[in-house]
Every structure is written in C-alpha cells, then in structure tokens.
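Under this note's numbering, read the sequence shown as residues 1 to 339, first letter to last. Here a beta-carbon is modelled for each residue, glycine too, at the ideal position from N, C-alpha and C. Remember, it's a predicted structure, so these values are computed and weren't measured experimentally. Before any comments, here is the structure.
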Amino acid sequence: MITEKLELSGGLYEKSIEKAAEILKSGGTVAIPTETVYGLAACANSDSAIKKVFAAKGRPQDNPLIVHISDMDMLYEIAANVPKQAVKCAEKFWPGPFTMVLKKTDKIADSVSRGLDTVAVRMPANKVACDIIRKSGPLAAPSANLSGKPSPTSAKHVIDDLDGKIDAVVMSGSCDYGVESTVVSLDGDTPRLLRPGAVTVEQLKEILPDIIIDKAVLAQPESGSKVASPGMKYKHYAPKTETYLVEGNSQAFADFVNSKKNSLAVCFYEDSDKIIINKLTYGSGNKEITLAQQIFSVLREVDNYGVSAVYVHAPSKSGVGLAVYNRLIRAASFRVISL
Ligand code: TXA
Ligand code: MG
C-alpha cells in the first residue's frame, strides 16, 4: 500500500481536507493532526476500517478507541444517558484535549468499544481535524503510532511508524500540547480520572469536585487485574534502552547522572549546563507544558545514542506535569529513582 501525503500548504488545504474525508467515507484510514497528538482515523461506523486501524498499529484487540466529534448532535447520537456533569465538562473543556467515557448507544459498534458498554468521546479543537470530521462524520482514532511506541507529535513520526500501512497522512505541523487527551469516566457513580492530560486535575476539580484519580495513573496495574481503561495496562512509550525516571532537584540530578558511564540524561534546560554526559533537553522544569510538547519526540531519539541506560529528570506531578509523569513512568517500566 502507498501512503498518500496530503499537503495543506500552497493552496491545497480544501482539496486535501476533501480527499481525507473521501478516503475515510470509503472505508480507508487517514492519520490526522489534533491539538494533542496525531490520530489514526477511521469512520466510527465502519467495522472493516476499524479493523485496518488495529492491524496497522498492531494494537491489542481489547483496547477500545476514542470517537472524535465536531458538534454536540454527534455526542447524543453515540452516548446514552449523558449526565449533567458531562454537559458541564463539554461546555468547559470542548473543543479541546478532553475525553469523556459515557454509556454508549447502539450506534456504536463493538469494533469501537471492544466489548465494553461505554464509549470514549472527544471534540478536538484542531481546525484540520474539525474540518475533516464535519465532512466525514464521527471518527474513531487512536494515536497514530505503532502500539507501544511514543505517540506521534509530527507527521514525520507518523510516517516513521506507519508508512505503507495506512491510506493517507495529513501533513500538518507539530501538535500544540504533545500529550494525549485527559480521559475521565463519567459512566459510573463517581467521576474518575483514567488518564491525565493537558486539562489538569486542578481544572477538573472545579467542575467535578469529587473526582477520583484512578490508581493506574501513577502505579503499575497488577498483572491480570481489571483496569478501568484497558490502555493503562500495556507497556507504552518505552525506548528499547533501559529507562529510569529520576526524582530530585537540578544539582542532585546532575551529580547522579554525571557518575554514570555509557548513559544518556534526558534533562530540563535548567540542568543542562551542569551535565557532562550525553544529554537531551526536553523543556523547562518550571513550565510543564514545554515538557509535554517535547517528551515524545525526545523519547523517539533515545535509542539512537546506543547507550546502556537513560535517566530522565522527573517533572513535578502538578498541572500538566502529572500527564508527563504518567507517560514517563510507563516509558521507564515503573523504575523510579528518588534522590
Ligand atoms: O489525545 C488523544 O486522546 C488522542 C488523539 C488522537 O485524540 N487519542 C488517543 O487514543 O490517545 P489512544 O487510543 O491512543 O488512547 C485512548 C485511551 C486508551 O488508553 C483506551 O484504553 C482508553 O482511552 N479508552 C478508550 N475507550 C475507552 C472506554 N470506553 N473506557 C475506558 N477507556 C477507554
Ligand atoms: Mg495511544
């Protein structure tokens, strides 16, 4: 299969949006930009297209997909018994990097929900994504990476992983946030944070004061245990190089990594001058959003260094830092060193 590259610049915007929607409506797969990460989209009502998404990614069969919508009518088509809290969240956080898990209607095929009675729904803010969804209808879209690899934040990452495995990729710029959406389940009694993202716990508490943070956000699910969000139990984001997450202040981190041989430090700008071993910076430790924006592209570079270990300076767990920490603790297979 040849993956078509749909360019947006040079007056090609309308034509490429039209083409993307056409491919999707005829049962194909298209990688599209969103404000979080690139998604690999298929029409949410096409079982055969969704099958292609799972095959291209090598995605575990029990991991359900997020359905992306462009207006509230689409929400009521696919979600049943939408609670008041969900409407409030939609008003506050949509369009944006926020996903709600709700009871599903019979319009949602089993190929999307993978046996659950719920559906995850998000209204993205990215203009390209919205323009496509308006023409194609609701799109099921996981992140457009090979399963297990860091999520793609540029069209190049998508091509590195999926060239020849999908019908097309929309060639847009880097994603604004760089980490996947915040996922909250609102289908039970108490709202539950399943995955932290750019909509922070602090913001969620303004609307959902009793929200519970699922224990899988920061801890390793026990093997064989049931997790609220199937995606939480899989190995994720991990370089092949043995990765450690290191908690401590800038000087302590620098002293620690400087004593390591044949290693790579993934550090904050603020640490950089103190570090004398191989290093990659991934943003400012004081500005977590910069860490979110760069963490996945940095994780994709780690294996090029041919070192035996990589030590990543852990972000704070507040604000967007919690989302970055959640991805890194998985990249590090839950190996955390506290200095
Ligand atoms: O920002 C994002 O959310 C990106 C962009 C493309 O929208 N999408 C994304 O999709 O990250 P994916 O498939 O990589 O991650 C979706 C997560 C998985 O952990 C999955 O298990 C969970 O959401 N999920 C999906 N449907 C669910 C459901 N019905 N109940 C619980 N968890 C669900
Ligand atoms: Mg993913």
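According to DSSP, residues forming a beta bridge with residue i
i      : result
Cys267 : Thr281
Val184 : Met100, Leu193
Thr118 : Lys103
His313 : Val246
Val336 : Leu245
Ile212 : Arg192
Residue environment, residue i, which counts as buried when at least 16 other CB atoms sit within 10 Å
i      : result
Phe334 : exposed
Leu76  : According to the sequence provided, residue 76 is Tyr. The question's Leu does not apply to it. Looking at its Cβ environment, which holds fewer than 16 other Cβ atoms inside 10 Å, Tyr76 is exposed.
Asp303 : exposed
Asp163 : exposed
Met232 : buried
Asp251 : Checking the sequence, you will find Gln at residue 251 rather than Asp. Exposed, since its Cβ has fewer than 16 Cβ neighbours within 10 Å.
Ile17  : buried
Asn126 : buried
Ala44  : buried
Pro64  : buried
Glu288 : buried
Gln61  : exposed
Pro150 : buried
Ile276 : exposed
Lys226 : exposed
Lys104 : buried
Ile87  : Just to set this straight, residue 87 is Val in the shown sequence, not Ile. Val87 should be labelled exposed.
Residue i: CB within 8 Å of a non-hydrogen atom of the ligand MG
i      : result
Pro230 : no
Ser143 : yes
Ser181 : no
Ser297 : no
Ser26  : no
Span of the alpha helix (DSSP H) around residue i
i      : result
Val257 : 250-258
Gly291 : Checking the sequence shown, residue 291 turns out to be Leu, not Gly. Taken as a continuous stretch (DSSP letters only), the alpha helix (DSSP H) holding Leu291 covers 288-301.
Leu204 : 201-207
Ile329 : 321-331
Tyr13  : 13-25
Distance cut-off 8 Å: residue i Cβ against heavy atoms of the ligand TXA
i      : result
Gly58  : no
Val310 : no
Bounding residues of the beta strand (DSSP E) (the contiguous stretch that carries residue i)
i      : result
Glu4   : 4-7
Glu242 : 242-247
Completely contained alpha helix (DSSP H) runs for the stretch 27-115, where each covers 4 or more residues | 47-57, 72-78, 84-93, 110-113
Quick one: complete beta strand (DSSP E) runs, 3+ long, within the stretch 120-173?
-> 168-171
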